[in-house]
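K.L.:
Quick one: the structure is below, questions incoming.
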Amino acid sequence: MLLEHELGTVWLNGEISNLAMPASGHWYFSLKDLSSQVRCAMFKGSNRRVAMRPRDGMQVLVQAHVSLYEPRGDYQLIIESMQPAGDGVLAMRFEELKQRLAAEGLFAAERKRPLPTQPRAVGIITSATGAALHDMLTVLRRRAPALPVIIYPTQVQGQAAIGQIVHALYTANRRDEVDVLIVGRGGGSLEDLWCFNEEAVARAIAHSRIPVVSAVGHEVDVTISDFVADLRAPTPSAAAELVAPDQGQLRERLAVLARSLHRAIAQQLQERRHHLALLGKRLEHRDPKRTLEQQSQRLDELALRLERQMQRQLQGSERHLGQLAQRLERHTPQRRIEEGRRHQQLAAERLGSAMARLLATRSHRIGMLAARLDGVSPLATLGRGYAILRDEQGKVVQRAADTHIGQPLSVRLAEGSLSVRVEEQK
2 MLLEHELGTV WLNGEISNLA MPASGHWYFS LKDLSSQVRC AMFKGSNRRV AMRPRDGMQV
62 LVQAHVSLYE PRGDYQLIIE SMQPAGDGVL AMRFEELKQR LAAEGLFAAE RKRPLPTQPR
122 AVGIITSATG AALHDMLTVL RRRAPALPVI IYPTQVQGQA AIGQIVHALY TANRRDEVDV
182 LIVGRGGGSL EDLWCFNEEA VARAIAHSRI PVVSAVGHEV DVTISDFVAD LRAPTPSAAA
242 ELVAPDQGQL RERLAVLARS LHRAIAQQLQ ERRHHLALLG KRLEHRDPKR TLEQQSQRLD
302 ELALRLERQM QRQLQGSERH LGQLAQRLER HTPQRRIEEG RRHQQLAAER LGSAMARLLA
362 TRSHRIGMLA ARLDGVSPLA TLGRGYAILR DEQGKVVQRA ADTHIGQPLS VRLAEGSLSV
422 RVEEQK
């Protein structure tokens with residue numbers, strides 16, 4: 002039981018001997034090589050899928066698991082699939098590489114990239130003389146006649162094809178002259194297609210920065226390249242259909258977009274006309290200079306926004322944009338601007354006259370206040386013959402008793418001053 006659970010599925014290559022096919026539909030035989038043999042059983046549910054008719058002496062490759070036949074106490078192999086040994090070795094290599102690359106995540110859906118909808122150029126890695134290339138070029142010319150196609154010729158069969166396909170993938174990525182690559186060939190036997198099952202080719206496809214479409218053989222043919230590529234096409238012609246945009250559909254799509262764009266432009270222009278009409282009404286009831294400045298700035302902002310939006314929407318429709326600009330120019334408020342300037346000049350003249358009158362009034366009032374101030378000024382009192390006495394500290398002397406004989410005093414007159422000394426008090 003330990004062998005049954007721990008050993009798992011095994012692949013064996015050997016020669017059939019002692020084949021028995023009873024009425025039950027099960028097959029019983031031994032698999033042997035030069036030094037050993039093992040009993041095998043293949044039950045009816047599994048052997049129905051075998052395309053060949055087995056016979057003694059046939060060399061086969063089988064997939065099986067170990068089981069214990071308890072009545073005899075013998076271990077035997079329960080065969081799950083069988084194929085001739087020639088193709089079987091390749092199938093075993095195919096399955097081993099497939100499982101290993103899948104474990105590394107090279108087949109993961111999240112690393113698959115979408116194909117470009119509008120490629121600038123398409124690259125084809127295939128034989129320059131094969132029918133597959135002719136089929137792909139025919140489809141590409143029909144669907145997208147103007148689409149550039151760059152061919153990277155390689156062998157697509159045999160050992161030399163492996164290195165050439167890898168080099169072509171490297172060259173296409175280094176040149177960076179196409180947006181999508183088709184790698185493939187027409188149909189053939191498993192051996193003919195085997196270069197597309199090689200690990201070097203699979204890893205070169207996986208490491209390509211350019212999206213890769215695998216188109217190897219017919220729809221029933223499956224290769225490792227199909228699993229690792231960004232997209233598998235059932236045939237080379239189908240690959241060309243997938244990478245080339247249909248010009249007819251593209252023209253229809255552009256026509257729909259153009260109609261939508263024209264409707265959007267008409268709506269935007271209508272909204273701008275309505276907004277300009279509102280601005281004109283508001284302009285009549287506000288200060289001309291400030292209103293004109295604000296509306297001029299607002300018009301600049303609207304013009305910039307309209308220009309950016311038109312550039313995004315029209316995508317190169319400069320002639321139509323020029324026509325719209327001419328229509329918009331006819332609505333410019335130039336006449337109102339000139340009237341506003343005349344009103345501004347008149348208001349400035351009126352302001353100058355008012356300022357002159359105000360300055361004359363203020364000058365007369367200031368003269369009256371100066372005369373009144375001069376009447377109560379101490380200097381005016383001095384002018385009438387009075388004087389001001391101050392002691393040594395500069396304090397005004399108001400009474401004779403505040404002085405003493407011999408005390409020096411200063412006398413302030415209307416014009417000039419005197420220094421005196423007290424000689425007598427009365």
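Sequential numbering of the sequence shown, starting at 2, is according to the working numbering. Quick reminder that beta carbons are idealized off the backbone N, C-alpha and C, glycines included.
For the alpha helix (DSSP H) containing Q165, name the first residue and the last one.
P.N.:
What you label residue 165 is simply residue 164 of the sequence shown in a count that begins at 1. Residues Q160 to R176.
K.L.:
Closer than 6 angstroms by C-beta to A169: which residues in its own chain qualify, once you throw out the five before and the five after it? Chain order, please.
P.N.:
Residue mapping note: residue 169 aligns to position 168 of the sequence shown, counting from 1. For A169, where only same-chain residues beyond five positions count, the Cβ hits under 6 angstroms are I126, Y153 and T155.
K.L.:
Over the uninterrupted beta strand (DSSP E) stretch that includes G124, give me the two end residues.
P.N.:
Here residue 124 refers to the residue found at position 123 when the sequence shown is read from its first residue. Residues V123 to T127.
K.L.:
Could you tell me how far apart the beta carbons of W28 and P55 are, in whole angstroms, since I believe they sit closer than 8 angstroms?
P.N.:
For the purposes of this step, residue 28 is taken as residue 27 along the sequence shown, with counting starting at 1. For the purposes of this step, residue 55 is taken as residue 54 along the sequence shown, with counting starting at 1. W28 to P55, Cβ: 7 angstroms. Contact.
K.L.:
Alpha carbon to alpha carbon, how far is G58 from D193?
P.N.:
The residue given as residue 58 occupies position 57 in the sequence shown. The residue given as residue 193 occupies position 192 in the sequence shown. Spanning the two alpha carbons is a distance of roughly 27 angstroms.
K.L.:
Got a sec? Which residues, its chain only, sit under 6 angstroms from L107 by beta carbon, not counting five neighbours each side?
P.N.:
Residue numbering aside, residue 107 sits at position 106 when the sequence shown is read from its first letter. The residues are A207 and V229.
K.L.:
With respect to 7 angstroms, is the separation between the Cβ of E178 and the closest non-hydrogen atom of the ligand ADP below this value?
P.N.:
Although the ligand ADP was asked about, the structure shown includes no ligands whatsoever.
K.L.:
Mind reading off the beta-carbon distance from L35 to I17? Whole number of angstroms is fine, and I expect it under 8 angstroms.
P.N.:
Here residue 35 refers to the residue found at position 34 when the sequence shown is read from its first residue. Here residue 17 refers to the residue found at position 16 when the sequence shown is read from its first residue. Not confirmed; about 15 angstroms, so no contact.
K.L.:
Among L347, T118, H276 and L91, which one has its Cα closest to the Cα of T224?
P.N.:
Within the sequence shown, numbered from 1, the residue matching residue 224 stands at position 223. The candidate whose alpha carbon is nearest that of T224 is L91.
K.L.:
Compare the Cα-Cα distances from N236 to each of V214, L255, V257 and A245 and report the closest residue.
P.N.:
Here residue 236 refers to the residue found at position 235 of the sequence shown. According to the sequence provided, residue 236 is Thr. The question's Asn does not apply to it. Looking at the Cα atoms, V214 is the closest of the given residues.
K.L.:
With 16 as the cutoff for other CB atoms within 10 Å, does E199 come out buried or exposed?
P.N.:
Taking the sequence shown and counting its residues from 1, one reaches residue 199 at position 198. By the neighbour-count rule (16 or more Cβ atoms within 10 Å), E199 is buried.
K.L.:
Starting from T139, trace the alpha helix (DSSP H) in both directions and tell me its first and last residue.
P.N.:
For the purposes of this step, residue 139 is taken as residue 138 along the sequence shown, with counting starting at 1. Element bounds for T139: A132 to R144.
K.L.:
In three-state terms, what does DSSP make of T10?
P.N.:
As a position in the sequence shown, residue 10 is number 9, starting the count at 1. Looking at T10 - three-state DSSP - the assignment turns out to be strand.
K.L.:
Skipping 5 residues on each side, what residues in its chain have a beta carbon closer than 7 angstroms to that of A86?
P.N.:
Along the sequence shown, one-based indexing puts residue 86 at 85. So the list reads N14, Q60, V61 and L62, once near-sequence residues are dropped.
K.L.:
What is the DSSP secondary structure of A52, counted as helix, strand or coil?
P.N.:
Taking the sequence shown and counting its residues from 1, one reaches residue 52 at position 51. In this structure, A52 counts as coil in the three-state DSSP scheme.
K.L.:
Whose C-beta lies closer than 7 angstroms to the C-beta of D75 among residues of the same chain, with five residues either side of it excluded?
P.N.:
Reading the sequence shown from its first residue, position 74 is the one you call residue 75. Closer than 7 angstroms at the Cβ level, and outside the excluded window around D75, lie R40.
K.L.:
Quick one: grab the DSSP three-state call for S364.
P.N.:
As a working mapping, residue 364 is identified with position 363 in the sequence shown. Reduced to three states, the DSSP call for S364 is helix.
K.L.:
Would you kindly check if the distance between the Cβ of G131 and the Cβ of G187 is under 8 angstroms?
P.N.:
Position 186 of the sequence shown, counting from 1, holds the residue named residue 187. Position 130 of the sequence shown, counting from 1, holds the residue named residue 131. Yes; because the gap between Cβ atoms is below 8 angstroms, this pair is in contact.
K.L.:
Could you tell me whether the Cβ atoms of D231 and R114 are closer together than 8 angstroms?
P.N.:
Taking the sequence shown and counting its residues from 1, one reaches residue 231 at position 230. Taking the sequence shown and counting its residues from 1, one reaches residue 114 at position 113. Their beta carbons are under 8 angstroms apart, which means D231 touches R114 by this criterion.
K.L.:
For Y76, write down the residues that DSSP places opposite it in a beta bridge.
P.N.:
Numbered from its first residue, the sequence shown carries residue 76 at position 75. L69.
K.L.:
Between S190 and V157, which are expected to be in contact by the criterion C-beta below 8 angstroms, what is the C-beta distance as a whole number of angstroms?
P.N.:
For the purposes of this step, residue 190 is identified with residue 189 of the sequence shown, where counting begins at 1. For the purposes of this step, residue 157 is identified with residue 156 of the sequence shown, where counting begins at 1. Going by Cβ atoms, the distance from S190 to V157 rounds to 13 angstroms, so no, they are not a contact pair.
K.L.:
Return the chain-ordered list of same chain residues with a C-beta closer than 6 angstroms to the C-beta of G26, the five sequence neighbours on each side being excluded.
P.N.:
Position 25 of the sequence shown, counted from the first residue, corresponds to residue 26. So the list reads K45, once near-sequence residues are dropped.
K.L.:
Nearest to P149 by alpha carbon, out of R400, Q298, P409 and P246?
P.N.:
Taking the sequence shown and counting its residues from 1, the one referred to as residue 149 is at position 148. Among R400, Q298, P409 and P246, the Cα nearest to that of P149 is on P246.
K.L.:
Smallest Cα separation from S238: which of R143, R313 and A203?
P.N.:
On the sequence shown, position 237 is the one that residue 238 refers to. The residue with the shortest Cα to Cα distance from S238 is R143.
K.L.:
Would you kindly report the start and end of the unbroken alpha helix (DSSP H) that includes I211?
P.N.:
On the sequence shown, position 210 is the one that residue 211 refers to. Counting along the chain, I211 falls outside any alpha helix (DSSP H), and DSSP gives it neither H nor E.
K.L.:
To the nearest whole angstrom, what separates the beta carbons of E81 and Q100, a pair I think is in contact under 8 angstroms?
P.N.:
What you label residue 81 is simply residue 80 of the sequence shown in a count that begins at 1. What you label residue 100 is simply residue 99 of the sequence shown in a count that begins at 1. 16 angstroms between Cβ atoms; not a contact.
K.L.:
What would DSSP say about S418, mapped onto helix, strand or coil?
P.N.:
As a working mapping, residue 418 is identified with position 417 in the sequence shown. Residue state, collapsed to three classes: strand.
K.L.:
Who are the Cβ neighbours of E220 in its own chain at under 8 angstroms, not counting the five residues just before and after it?
P.N.:
One-based indexing of the sequence shown puts residue 220 at position 219. Result list for E220: P235 and T236, in chain order.
K.L.:
I439: which of D392, E416 and L414 sits nearest, CA to CA?
P.N.:
Any question about residue 439 goes unanswered here, given that the chain covers just 2 to 427.
K.L.:
For Q314 and Q165, what's the separation of their Cα atoms in angstroms?
P.N.:
Here the question's residue 314 lines up with position 313 in the sequence shown. Here the question's residue 165 lines up with position 164 in the sequence shown. Cα to Cα, the separation comes out at about 46 angstroms.
K.L.:
So for V244, helix, strand or coil by DSSP?
P.N.:
Within the sequence shown, the letter at position 243 stands for residue 244. In the structure shown, V244 sits in a helix (DSSP, three-state: H, G or I).
K.L.:
DSSP three-state call for L431: helix, strand or coil?
P.N.:
Residue 431 lies beyond the residue range present for the chain, which begins at 2 and ends at 427; the question has no answer from this structure.
K.L.:
Going by CA-CA distance only, name the one from Q160, R306, V179 and E242 that's closest to V202.
P.N.:
Numbered from its first residue, the sequence shown carries residue 202 at position 201. The candidate whose alpha carbon is nearest that of V202 is Q160.
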